[in-house]
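Residue numbers (my numbering): 11 to 536.
Remarks on the structure that follows.
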């Protein structure tokens, strides 16, 4: 007999899943019945939050959904933070959990891992939460999840299976494979957008994370229109070193001035979130009055006033716009000059300390070309989110925007390395954030993921301390003493070195990459 738990593995394989991150427990043993015989790799984190963050990093690097297996109750609540981050950043994540036996649910009888309403709790965080009560429901639940991932703005999806249901027979059930796709761009919207483009002389493009897979058409559109391209954090790596690229935050005054000067703004795959557009909380961002907005989600398009809304995948919508633009259309006024002025003024807004930290990030990029740099909430990440030009689309992402979960970097970098084994992967984290999920570095060794963990050690939460001082609050709670990270790495069997001079970083990175093993590089910041 094939049980539902065993059938789950076969169905996931049919949907193209090759990796799951999870910690087995007594309530999920049955979900593991067919795993050892399958082609799916199981990666064991040291905490369920790590499982979620690894699934997130895997998804961002690969473009495929990251999958986590977690136990009932505390396993699932441990995963909620990672699901919150995935929802904030539109990351496809499938979390599969157990739940207590059907006839005990909601009765408060004190069973192990019992919650008053586990699924009700998950419905507040996940895009969708489904309870499977029989074998016939499992293929449909998975099909709906994967259809959501491929056809609309993605995020976390939760499927729970009661312990008494996992063991039921599931002979003969087959996967329902989805070919769901985003809606095609509306013809009338494309025509109206093309008319606005024809009349514009100073167009500008805002590129967000939703445009990460649209580099080629985005480049052609920018060049055709002579439009500077402002990149939010999750769009960095598009148009690397292109004269129209402005790899700077819309929170900066110079970028806002560039936007205000434009007579048409085309926003591709950006939600206009406050952490990108109002990072200083000054309320100074003004939505463009003449706005073409491209987004895969109808809900996003309805949240702010637009001149023309195009619901579609960014690449498909931009291709449709390119086809609709008059071949005789001439580029706008001095796009290269406007972009260059914007870049220069934006970088000039950075403090000397931030400018130095951006240089440190550029050292990583230049020492390891085409690396994936996964960040935590630490000062160099904040600095580079304001201004930094990465060399790989989708190769710069971190948790310092959106939900802002500390401790994201180390496990997410492991997930990214497992998804893209040929790419250099660097985790850039601070001493504070590293301690949130430090045990996960052992997973890099277990799974042969050669992540380079670069620890920016300024002995505390320096950014929070600065924020307190800026508003006249005497700093409290911002100086947790860091451990000796090199000794800890050694305890895990991972090589490590401590740098007192930032100029030694490029050589240390190249050496770490050459080993083919995970490594910790600690930078002592005075």
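Glycine included, each C-beta is placed from N, C-alpha and C at the ideal position.
- Within the model, the alpha-carbon separation for residue 17 versus residue 36 is close to 19 Å.
- Measuring C-alpha to C-alpha distances from residue 29 to each of 75, 322, 265 and 159 identifies 75 as the nearest.
- The criterion of a C-beta distance shorter than 8 Å is satisfied by residue 32 and residue 80.
- Straight through space, the alpha carbons of residue 109 and residue 139 are spaced by roughly 12 Å.
- Per DSSP, residue 320 is one residue of the beta strand (DSSP E) stretching across 318-321.
- Judged by DSSP secondary structure, residue 84 falls outside any beta strand (DSSP E) and instead within the alpha helix (DSSP H) spanning 84-98.
- Spatial neighbours of residue 403 in its own chain (CB-CB distance under 6 Å, excluding positions within 5 residues in sequence) are listed in chain order as 222, 225, 247 and 248.
- If you draw a straight line from the Cα of residue 491 to the Cα of residue 470, it comes to about 7 Å.
- The stretch 127-142 and the stretch 161-171 touch, with no fewer than 3 CB-CB distances between them shorter than 8 Å.
- If you keep only unbroken alpha helix (DSSP H) runs of at least 4 residues inside the stretch 444-478, you get 451-456.
- Nearest C-alpha to residue 234 among 207, 501, 305 and 20: 207.
- Annotation for residue 419: the continuous alpha helix (DSSP H) segment containing it runs 419-429.
- Annotated three-state conformation of residue 234 is helix, per DSSP.
- For residue 220, no alpha helix (DSSP H) encloses it, and the DSSP letter there is neither H nor E.
- Sequence-distant Cβ neighbours of residue 175 in its own chain, meaning closer than 8 Å and more than five residues away, are 14, 112, 142, 143 and 144.
- Counting C-beta pairs closer than 8 Å gives three or more between the stretch 519-533 and the stretch 375-387, which meets the contact rule.
- Distance from the Cα of residue 162 is smallest, within the candidate group 182, 20, 311 and 117, for 311.
- For residue 405, same chain residues with a beta-carbon under 6 Å away, outside a window of 5 residues either side, are 247 and 382 in chain order.
- Shown here, residue 240 sits in a strand according to DSSP, grouped into three states.
- In this structure residue 385 is buried. Its beta-carbon is surrounded by 16 or more other beta-carbon atoms within 10 angstroms.
- Residue 508 carries a strand assignment under DSSP once its states are collapsed to helix, strand and coil.
- Across the structure, residue 413 and residue 90 are spaced so that their CA atoms are roughly 12 Å apart.
- Counted as a single uninterrupted DSSP element, the alpha helix (DSSP H) harbouring residue 149 occupies residues 148-161.
- A straight-line Cα-Cα distance of about 24 Å links residue 456 and residue 73.
- Secondary-structure assignment with DSSP links residue 275 through a beta bridge to 214 and 301.
- Contact between residue 533 and residue 512 holds: their C-beta atoms lie close to 6 Å from each other, under 8 Å.
- The C-alpha of residue 185 is placed about 11 Å away from the C-alpha of residue 156.
- Per the coordinates, the alpha-carbon of residue 480 lies some 35 Å from the alpha-carbon of residue 87.
- Separation of residue 291 and residue 41 (C-alpha to C-alpha, rounded to the nearest whole angstrom) is 46 Å.
- Residue 335 carries a coil assignment under DSSP once its states are collapsed to helix, strand and coil.
- Judged by DSSP in its simplified three-state form, residue 532 adopts strand.
- Here DSSP, grouped into helix, strand and coil, assigns residue 139 to strand.
- Judged by DSSP in its simplified three-state form, residue 60 adopts helix.
- Of all alpha-carbon atoms in 449, 199 and 352, the one lying nearest the alpha-carbon of residue 56 is that of 449.
- In the three-state scheme derived from DSSP, where H, G and I count as helix and E and B as strand, residue 440 is classed as strand.
- The three-state secondary structure of residue 371, taken from DSSP, is helix.
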